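Engineer:
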Amino acid sequence: MAVNLQQADASSVLEARRIHNQKLARQHDQTRATWFPLTVLGVLLALPLLQLTGNYNYLLHLVLFTASYAVMASGWNIIGGFAGYISLGHAVFFAIGGYFSGVLLARYGISSLLTAPLAGLAAAACGYIVGLITLKVRGPSFIISSIALLMIARILFDHWEFIGGANGLSLPVTDLPVQTAKLPYYYAFVLMAAFTVWATYRIKHSKFGLGLRALSKDEVKAESAGINTRFYKVLAFALSAFFVGMAGAVWGEYLTYLRPNIFLIILVSANLVLMCILGGKGTIAGPVVGAILIVAFNEIFVATLGASEINILATGFVMVLGLMFFPNGVIGTLARKGKLPRVLNWD
Amino acid sequence: MTDILQILILGLALGGVIALMGSGLSLVFGVMRIVNLAHPSLIICGAYVSYWAFKLWGLDPIATLPIAALIMAAIGVLLYRLMFESQAKSARYSEMTVLLTFALAMIVEGFLGAAFTNTQRVTSPEYATDAFFIGSLFIPKGQLYAGCVSLAIIGALTLFLNYSRLGYAIRATTQNREAAELLGVNVNLISMIAFAIGIGLAGAAGSLVSFVFSFFPAKQWEWIAMLMSVVVLGGMGSVLGTVVAALLLSVIAAFVGTWVGATWSTMTFFLALFVILLIRPQGLFGEKPELA
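Quick mapping for you: the protein sequence lines, in order, are chains A and B.
When you line the first sequence up against this note's numbering, it's residues 1 to 347, in that order.
When you line the second sequence up against this note's numbering, it's residues 1001 to 1292, in that order.
1. Assuming P1061 of chain B and Q1220 of chain B make a contact with CB atoms under 8 Å, what is their CB distance in whole Å?
2. When every heavy atom of the ligand COA is checked, does at least one fall within less than 7 Å of the C-beta of V71 of chain A?
3. Counting contacts by CB-CB distance shorter than 8 Å, is I1224 of chain B in contact with chain A?
4. Where DSSP assigns a beta bridge to G169 of chain A, which residues make up the other side?
5. By the 9 Å beta-carbon criterion, what residues does the segment 256–272 of chain A contribute toward chain B?
6. Going by beta carbon distance, what residues of the same chain come within less than 6 Å of T229 of chain A, once the five residues before and after it are set aside?
7. Would you say E1109 of chain B and I312 of chain A are within 8 Å of each other, going by their C-beta atoms?
8. Taking the Cβ atom as the reference point for each residue, do G127 of chain A and A199 of chain A lie within a distance shorter than 8 Å?
9. Between the segment 103–120 of chain A and the segment 1207–1227 of chain B, can you find at least three pairs of beta-carbon atoms closer than 8 Å?
10. Give me whichever residues DSSP pairs with F189 of chain A in a beta bridge.
11. Going by other Cβ atoms of all chains shown within 10 Å of its Cβ, with 16 needed for buried, is L1233 of chain B buried or exposed?
12. Which residues, in chain order, does the segment 147–161 of chain A contribute to contact with chain B at a C-beta distance below 7 Å?
13. Which residues mark the beginning and the end of the alpha helix (DSSP H) in which F1084 of chain B is found?
14. Pick helix, strand or coil for L1291 of chain B, following the three-state DSSP scheme.
15. Taking the beta carbon of V1275 of chain B as the centre, do at least 16 other beta carbons fall within 10 Å, making it buried, or is it exposed?
16. Enumerate in chain order the residues of its own chain whose CB-to-CB distance from I1064 of chain B is below 8 Å, with the five nearest sequence positions on each side excluded.
17. Could you tell me whether the Cβ of I144 of chain A comes closer than 8 Å to any Cβ of chain B?
18. Quick one: which residues of the segment 1271–1285 of chain B get their C-beta closer than 8 Å to a C-beta of chain A? List them in chain order.
19. Taking Cβ-Cβ distances shorter than 9 Å, what residues in chain B pair up with K136 of chain A?
20. Counting only beta-carbon separations shorter than 8 Å, does R336 of chain A have a partner in chain B?
21. Kindly identify the DSSP beta-bridge partner or partners of F1215 of chain B.
22. Mind checking W160 of chain A: buried by the 16 CB within 10 Å criterion, or exposed?
23. Where do the ends of the beta strand (DSSP E) carrying A1131 of chain B lie?
24. Quick check: what's the CA-CA separation for G1155 of chain B versus A1245 of chain B?
25. Note down, in chain order, each residue of its chain lying with its Cβ closer than 7 Å to the Cβ of P1289 of chain B, except the 5 sequence neighbours on either side.
26. Tell me which residue opens and which closes the alpha helix (DSSP H) that S1137 of chain B is part of.
27. For chain B, check one thing: does any of its Cβ atoms lie closer than 8 Å to the Cβ of V197 of chain A?
28. Pairs of beta-carbons, one from the segment 1165–1184 of chain B and one from the segment 1119–1131 of chain B, closer than 8 Å: are there three or more?
29. Using the beta-carbon of each residue, which ones in chain A are nearer than 8 Å to S966 of chain B?
30. Please go through the same chain and pick out, in chain order, the residues whose beta-carbon is closer than 8 Å to the beta-carbon of A1292 of chain B, but skip the five residues on each side of it.
31. Is DSSP giving R138 of chain A helix, strand or coil here?
32. Could you tell me the alpha carbon to alpha carbon distance between L62 of chain A and F1029 of chain B, rounded to whole angstroms?
33. In this structure, does DSSP put Q1175 of chain B in helix, strand or coil?
34. Kindly indicate which three-state DSSP category H205 of chain A falls into: helix, strand or coil?
35. What residues in the segment 85–104 of chain A have a beta carbon less than 8 Å from any beta carbon of chain B?
36. Please compile the residues from chain A whose C-beta is within a distance smaller than 9 Å of the C-beta of F1078 of chain B.
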C-alpha cells in the first residue's frame, strides 16, 4: 500500500512538473492574432490564380524570393536569435542543401522538391558536427570561426571536381509552360515558410526554446540550473542548418545552376543576419518582416541604381543604421514601446 | 636544403607584411575589445591611396606610406566618433561591434567597388619585380623591402607602447579599463587614439600590400580570415604574439604551398584558426582564459 502511494505521489509530482514546465514555456498571450498569418498564407496560396488573367511571373518571383529568405532567416533565428550565437557562416548550409539535391537531380533526375527534406537533414548533420567544434567558443570568436568555416567550404567546393568545382553544376531546366513554370517552386517556398514559422513558434514555446533563451542570457547560470547547454546549442545549430539547407535545395533547382560564387558568398549570410536584426532577433514575426523589408530594399536599389556594388554599399548602410538606432528591430522596438499591432504579434 | 632555405626566406618576408596587417587589428582589440572585421577593407583603402599616388604622380609606395597612414588614421577618428563611441554602454557590446564592423566592411567594399571597379590592381615600382641573388637563392626585392619596413614600423610601435607616457596609458587601458580610469587615464580619449593608430597601421600596411599582393575591394574576405587566424593564434591584443604568429603561419603556408599545392596554402590559415580555437582559445601570448 505504502509502495502504491509513493508511486502515485511520484507520478503526480511528475505530472505537476510537466504542467509547470508547460506554463513556463508557453506564455499565454491573449493579444496574439493567429488569424492574421493564416489569412496571409491563404492569400499567398490563392495568388497564382492571377496567372489566369495575365502574366504575373515577376510578382510570383518576388513572393517566392521573400518566402525563401523568410525560411532561411527564421532558421537562422533559432541559433542567432534564441540562443544568441551570431553565425556569419550559414551560407555553407545553404550551399550544402543546394548541392545535395542538385547532385541527385543532375545524376539521377530526382526532383529537388522531393529531396529537399533530405538535403535539410544533410545540412543539419554537417551543422551538428561543425557545431560540436565551433560552439565551444562564444561571442566574437564564434563569429570569426563561422567566417573561417565559410572560407574553408568555399575552397573545398571550388576544388571538388565531382560537383563541378568553381564552374558549378547545370541542372535541367523545367519544361513547364511559362504560365505555370514558377508554380511548383512558389508553392514549395510558401509552404516551407509557413512550416518554418510554425516550427520556430513551437521551438520558442517549448522547454527546449526556454533553455536556449536561458543560455543566451547567461550560459554558466543556465548550465548550473541543469540545462545541458552544449547539447542544446549544438541541436539549435543543427536545426537552423536544416531549414537553411532545405531552402538551398529548392533554390538550386529554381535557379537551374549551382555555383560556389552564388551560394557560398558572405552576402547570403549577411542578409540572414540583417533580416533578423532589422525585423527583431528572437521574435517569430521578426525574420519574416525583415525578409520582406530587405527584399523590398534590394529590389528598389537594383531597380534604381543597378550595380551590385551599390547594393553591397546600401546593404551595409541599412545594417549600420539598423544596428545603431534599432538594435531590437522593428518588432522588438515596437513591442518594447507597447505599440506592437496585434496582427504582428505572433509570439 | 637550398629549397627549404628559399621557402623559409619567402615565408618570412611575407610574414613581416602580414604581421603589420594584423598588428593594428590586435591593438584595437586589446584596447577596445572590438574585433574589427573592417580592418582588411581599410587596408585596401590604404592600398588604393598608394596605388593612385603611384599611378597619377609616380610616387613610390613606400614614400606615400606615411600619407596613407595619416589619411586612414583621420578616418579612424571619424569612425570612432560616429560608430563606436555610443556603443560603449551597450549590453551586448562585443557582438554589436563585430556586426557594426562587418557592416562597415560591406560599406567600404561597396564604395571602393563602385568608385574603382573590382579589377585586380597592383602598384609596380621597379623593385617590385626585381630580386637579389645570393648563390642559388633569390630574394624578391619588393617582399624584402615590405617585410623590413613592416618590422621597422612594428618595432617603432613596440618602443612607443613600452617607453612613452601615451604608450603606458594605452597598455594600462588594455590591461584593465576600470583601474586605468581610476588612476586618471582618460579612457575614452585613449581608446580614440588607439583606434586611430590601429586604423593608421591598416593604412601603412595597405601601402606595402599594394605592391606585394594584387588587390581589389572584394579581396578583403580572404584577408579577414587570414588576419583573424594570425591574431587569434598570437593571442588577441598582444602585438608581439601577432608578429610571432604571422611569421610562423606564413612560413607554414609557404611550405604547404610548395609541397602540397598553391590552393591549399591559404587553407593553412583557416584550418589553423579552427585548431587554435579548439585547443587554446586564448592563443600563444594571450592572458585571458576566455575571449568572450
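Idealized CB from N, CA, C, for every residue including glycine.
The structure displayed is predicted, hence computed values, not measured ones.
Structural biologist: Here's the rundown:
1. About 19 Å; that fails the 8 Å criterion.
2. Looking at this structure, you won't find the ligand COA or any other ligand, since it has none at all.
3. yes
4. The displayed chain sequence assigns Leu, not Gly, to residue 169 of chain A. DSSP, once it has assigned bridges, lists A:L258 as partnering L169 of chain A.
5. I265, I266, L267 and A270
6. L215, E219, A222 and E223
7. yes
8. no
9. no
10. For F189 of chain A, which the question treats as bridged, DSSP gives no partner whatsoever.
11. buried
12. I147, A148, M151, I152, I155 and H159
13. Segment: none, F1084 of chain B is in no alpha helix (DSSP H) and carries neither H nor E.
14. Note that L1291 of chain B has pLDDT 41, beneath the 50 cutoff, so the model's placement of it is unreliable and the number below is only indicative. If DSSP states are grouped into helix, strand and coil, L1291 of chain B belongs with coil.
15. exposed
16. Before going on, a small fix: residue 1064 of chain B reads as Thr here, not Ile. Cβ neighbours of T1064 of chain B beyond the five flanking positions: V1049, S1050, A1053, F1054 and S1207.
17. yes
18. Of all residues in the segment 1271–1285 of chain B, the ones placed with a Cβ closer than 8 Å to any Cβ belonging to chain A are L1271, L1273, F1274, L1277, L1278 and P1281, in chain order.
19. The answer, in chain order, is L1277, L1278 and P1281.
20. no
21. B:R1121
22. exposed
23. Counting along the chain, A1131 of chain B sits inside the beta strand (DSSP E) bounded by residues A1131 to I1134.
24. 16 Å
25. Note on P1289 of chain B: pLDDT 46, under 50, position unreliable in the model; the coordinate value appears next. The residues are Q1282.
26. In the sequence under discussion, the amino acid at residue 1137 of chain B is Leu, which differs from the Ser named in the question. Note, L1137 of chain B: premise wrong, no alpha helix (DSSP H); beta strand (DSSP E) at L1137 to P1140.
27. No, no contact with chain B.
28. no
29. Nothing about residue 966 of chain B can be read from this structure; chain B reaches only from 1001 to 1292.
30. Below a pLDDT of 50, predicted positions are generally treated as unreliable, and A1292 of chain B, at 40, falls in that range; no measurement from the model is reported.
31. Coil.
32. 41 Å
33. Q1175 of chain B falls in the helix class under three-state DSSP.
34. coil
35. Flagged, chain order: I86 and L88.
36. Here residue 1078 of chain B turns out to be Leu, not Phe, going by the sequence shown. The contacting residues do not exist; L1078 of chain B stays about 14 Å from chain A at best.
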